[in-house]
Structure formats: C-alpha cells, structure tokens
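**Student:** Numbering (this note's numbering), first residue to last: 33 to 397. Cβ atoms here follow ideal geometry from the backbone N, Cα and C, with glycine treated the same way. A quick note: this is a predicted structure, and the numbers were derived from the prediction, not measured.
1) Between 170, 96, 365, 148, which lies nearest to residue 160 when the distance is taken from Cα to Cα?
2) Below 8 Å between beta carbons: does that hold for residue 339 and residue 66?
3) I need the boundaries of the alpha helix (DSSP H) containing residue 358, first residue and last residue.
4) Going along the chain, which residues of its own chain have a beta-carbon closer than 7 Å to the beta-carbon of residue 296, five neighbours each way excluded?
5) Which runs of the alpha helix (DSSP H) fall wholly inside the segment 56-126 and span at least 4 residues, in chain order?
6) By how many angstroms is the C-alpha of residue 380 removed from the C-alpha of residue 76?
7) Going by beta carbon distance, what residues of the same chain come within less than 7 Å of residue 193, once the five residues before and after it are set aside?
8) Under 8 Å, Cβ to Cβ, is there at least one residue of chain B near residue 352?
9) Which residues in the same chain have their Cβ closer than 7 Å to the Cβ of residue 182, if we skip the five residues on either side of it in sequence?
10) Measure the alpha-carbon distance for residue 170 versus residue 119 and round it to whole angstroms.
11) Is the beta carbon of residue 299 closer than 8 Å to that of residue 64?
12) Tell me whether the segment 262-282 and the segment 43-57 touch, counting them as touching only if at least three CB pairs, one residue from each stretch, are closer than 8 Å.
13) Please report how far the alpha carbon of residue 291 lies from the alpha carbon of residue 363, in whole angstroms.
14) Quick check on the burial criterion: 16 or more other C-beta atoms within 10 angstroms. Buried or exposed for residue 111?
15) Just verifying my parser: in three-state terms, what is the DSSP assignment at residue 239?
16) Let me make sure I understand the geometry here. Which of 196, 54, 128 has the alpha-carbon closest to that of residue 329?
17) Assuming residue 186 and residue 139 make a contact with CB atoms under 8 Å, what is their CB distance in whole Å?
18) Taking all protein chains shown into account, decide if residue 336 is buried (16 or more other Cβ within 10 angstroms of its Cβ) or exposed.
19) Within 10 Å of its beta-carbon, does residue 374 have 16 or more other beta-carbons around it, so buried, or fewer, so exposed?
20) Does the Cβ-Cβ distance between residue 128 and residue 177 come in under 8 Å?
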C-alpha cells in the first residue's frame, strides 16, 4: 500500500517540478517502505526452529558486545561522542549511547534474558543463570546510563508484557524487582540529566526539555507540532507529500538549521507527509501485528513464544519514540521496527489444537 502511495507521490512530485531524489529522500516516508521490505526479508529467511534459535543467539551476542563496548567507552573514554548535551549545550554529562536504536537493542536483549530467567518451564544450570544475570545487568545499565526518557519509559513498558505472561506468583517477584529497578533508573536520570535545568523551570518542564536547559519542550517541540499543523491547512487528508516542508519561527526551531522537513513525532511526521490516510495505513499495519499476537500467542511455546513476546514488548518500547521522536526519518530505527513487527510471525503454522506444541521445549536456553 505504501508502495502505491509513494508512486503517487512520485507522479505528483514530478508533475510539480520536484526531483525524484527529493520524493524518495529519508526525510519523507521512504523508510516505511524500507521497514516493510526488511520485515518481509526476515519472514522469508527465518523459517525453522534452528533459524529461530540462531536468530536469538545472534541477537544476544551482538547486544552483549555492543553493551560491553559502550560501557567501557563510557567509563574510560568519555562516553558516546554523538552527545548533543556536551557538543551543543556544553553540559558535563556522559552517555553510553545517544541513539535510540542502540538503546532498543540493549532493552530487547534485557527483555529476552529476563524472559528466559523468569518464565516457567525454562531449565538452565546455575552457572548459565548466573551468566544471564550478569548480561541482564549490563544491558539494563546500558539503557539507564544513556539517560533517554523514551528509552527508560519504553523499557518499563516492555516488562509489562513479561508481567502479563508470568504466573501470578512470579508477577509479584518480578514486579517488585522492576519497581526497584525503575526507581533506581529514575533517580539516576533526575540526578544526572535534570540537574541542569530544574532550578530554571518547574519539575515537569525539567522532565520534558529537549537538549539543554535553555530549550524547554513547551517552547520548541510543542511549537514545532503547532507550526506543522498550521502548514497542513486544507491538506490534512493526504498531507504535503514526501518532499513537503512546514514553516515556523526559525529562532524557536533553530535545531532544524533552516530545513523544516520533519517533526519530532513519528505519527506527526506521517500526517505532515502523507496525511491522515498515511497515518491510518501505518496504524493498520501495527494493529495487524497486535491482533495476530493476541490470536496466536496462547498456542505458542518455546522460542516462538519468546519471539512473539519480544515483538509485543518491542512495539511498546517504540511507542514513546513514535509519539515524540523521529524514527520515521531514521533508516536504522525503521529497520529495527520492521524486525520487531516480523518477530510475532516467526512461528510454525498454527493448527486449531495447541497439543502439537506439547512435545516442544518451552524455551531454548
């Protein structure tokens, strides 16, 4: 569907004198097509139990290497060099990873490890559990020390899926540990990141500021969305096109550097470029995955169940970013969202009776 929409954008753009490269630019909606193509690639590649196991092992291995590198760099080399708080606002704040995609990889690995440790039916030796506990701590530290609000909120939402799938006895244990972990993470966030502007603005504003203490969300991002909405006057149904731009106060939107071709909201960006029609198509794609999850999850066991839960948890992780971030214009983020949506379909063909799964191990640990 998005392919036909992009084709329509191309025809209209060429008729209006817009270059094809501008129509297919990353600040349009081309990454939605990239997302769906990557999801289809995964679905056509991972089609057996061996492939599912290899996929999980590869994910955990790469996430561990990535987290280890990031934490060593954070401790000894000043953290991520792509740090706008240091580079633009001159704040003394280190980050493990600024990019939301790096945070997601760590959060997804943490969820996978917690699932293996807590889900009934998973049998592992004591030394394997100890190793996984260590890896879990590394992945959570990677997210917490990146000081991203959307990442911490997303991580909390992910573990809501785990709580929902656990037996009630384990929900109490997991819920207690989760509350403590979130309190520690929130305390660290407020101490390290919010110390620079809580005295200038209210506490709520300090939770919402963009990059530095001089730039509060209600002044910039909310205004950005308001300016984009005004630019859509009369074109809400189909948007301004993949090449479309909005107009606003350049001083308030100085972080755009004069190019107003995206907004800090994934859903808002879709409306700006493709209108309510494009937004509804995207939401329908997400809804189809959610419906599939609720329909088939009770019959899933083993790695298929783990992957389905990871998919739903990952979708919850991306929800804050889709609301207040810029994932649509980020190639890697959209590929990871495509992977997230594909994971719920990585299971054998379902028959009406779930008995065929009783011979399978609950999870491959």
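**Tutor:** Taking the coordinates as given:
1) In the chain shown, residue 160 corresponds to position 128, counting from 1. Residue 160 has its Cα closest to that of 148, out of 170, 96, 365, 148.
2) Translated into positions along the chain shown, residue 339 becomes position 307. Translated into positions along the chain shown, residue 66 becomes position 34. No; because the gap between Cβ atoms is not below 8 Å, this pair is not in contact.
3) For this step, residue 358 is matched to residue 326 along the chain shown. Neither: residue 358 is in no alpha helix (DSSP H) and is coded neither H nor E.
4) Here residue 296 is taken as the residue at index 264 of the chain shown, counted from 1. If we look at residue 296 and ignore the five residues flanking it on each side, its Cβ neighbours are 253, 256, 356, 357, 358.
5) 62-77, 81-108, 116-119
6) Within the chain shown, residue 76 is the residue found at index 44, counting from 1. Within the chain shown, residue 380 is the residue found at index 348, counting from 1. Approximately 13 Å between the Cα atoms of the pair.
7) Position 161 of the chain shown, counted from the start, is the residue given in the question as residue 193. Excluding positions up to five away in sequence, the list reads 341, 344, 345, 348.
8) Among the chains of the structure shown, chain B does not appear; only one protein chain is present.
9) Reading the chain shown from its first residue, position 150 is the one you call residue 182. 132, 352, 353, 356, 357.
10) Counting from 1 along the chain shown, the entry for residue 170 is found at position 138. Counting from 1 along the chain shown, the entry for residue 119 is found at position 87. If I take the Cα positions, the gap works out to 26 Å.
11) Walking along the chain shown from the start, residue 64 turns up at place 32. Walking along the chain shown from the start, residue 299 turns up at place 267. No, they are not a contact pair.
12) Here the segment 262-282 makes contact with the segment 43-57; the two share three or more CB pairs at distances below 8 Å.
13) Position 259 of the chain shown holds residue 291. Position 331 of the chain shown holds residue 363. The straight-line gap from Cα to Cα measures roughly 19 Å.
14) Taking the chain shown and counting its residues from 1, the one referred to as residue 111 is at position 79. Buried, since its Cβ has 16 or more Cβ neighbours within 10 Å.
15) Taking the chain shown and counting its residues from 1, one reaches residue 239 at position 207. For residue 239, the predicted model reports a pLDDT of 46, less than 50, meaning its position is unreliable and no value from the coordinates is stated.
16) As a working note, residue 329 is residue 297 in the chain shown. It is 196 whose Cα lies nearest to the Cα of residue 329.
17) For the purposes of this step, residue 186 is taken as the residue at position 154 of the chain shown. For the purposes of this step, residue 139 is taken as the residue at position 107 of the chain shown. Residue 186 to residue 139, Cβ: 6 Å. Contact.
18) Taking the chain shown and counting its residues from 1, the one referred to as residue 336 is at position 304. Buried: at least 16 other Cβ atoms inside 10 Å.
19) Stepping through the chain shown from its first residue, residue 374 is reached at position 342. Around the CB of residue 374, 16 or more other CB atoms lie within 10 Å, so the residue is classed as buried.
20) Within the chain shown, the letter at position 96 stands for residue 128. Within the chain shown, the letter at position 145 stands for residue 177. In contact: residue 128 and residue 177 (Cβ atoms closer than 8 Å).
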